[in-house]
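Notes follow the structure.
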Amino acid sequence: MSEERQDAAATLPEDEAPAIRAVMMPRDTNALGTIFGGVILSQIDLAAAVEAHRYWPGRVVTVAMDKVEFTQPVWVGDLVSLFTSTERLGRTSIQVKVRVWSQRHFGGGEAIAVTEALVTMVAVDEEMKPAEIPRPEA
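Below is the structure:
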């Protein structure tokens, strides 16, 4: 096992709460028996929207998902936790870093960093046009 793989095993971040959590079910698997990457991408999209809503109470849309890297498989029964942080707040956009951890159901609850992504969300108005995000007060 490489050092990178060994370093992936750790504990969940203790200083922050996950944006969302989900238990992976048999319906989420691919032909290899691991969780389908599209399921994880969907969860990443939802978590990024949760983070974006900290700055914009209205609708947000996903315009880009960059630098998605799957480093470990996710298995049926794993509890997936998605942690978010705002990387950049633009005039109409919010760039969110999403880190995905999996707690192994059949591995004694071991936590593994499995995926990371950078997601760009755009605030939109009722007409689905980009909306200016008010700046947080200092």
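Here the sequence shown stands for residues 7 to 144, numbered as in our numbering. Cβ coordinates follow ideal geometry from the N, Cα and C atoms, glycine included.
Taken through DSSP and simplified to helix, strand or coil, L47 comes out as helix.
Take T126, set aside five residues on each side of it, and the residues of its chain with a beta-carbon closer than 6 Å to its own are V69, A70, S99 and Q101, in chain order. Around the Cβ of P24, a 10 Å sphere holds 16 or more other Cβ atoms; the residue is buried. Taking 8 Å as the cut-off, the beta carbon of W81 is found closer than this to the beta carbon of I41. Exclusion of the five residues before and after E138 leaves R97 and T98 as the residues of its chain whose Cβ lies within less than 7 Å of its Cβ. Cβ-Cβ separation between D84 and R110: approximately 6 Å, consistent with a contact (criterion under 8 Å). In the three-state reduction of the DSSP assignment, E116 falls in the coil class, being assigned neither a helical nor a strand state.
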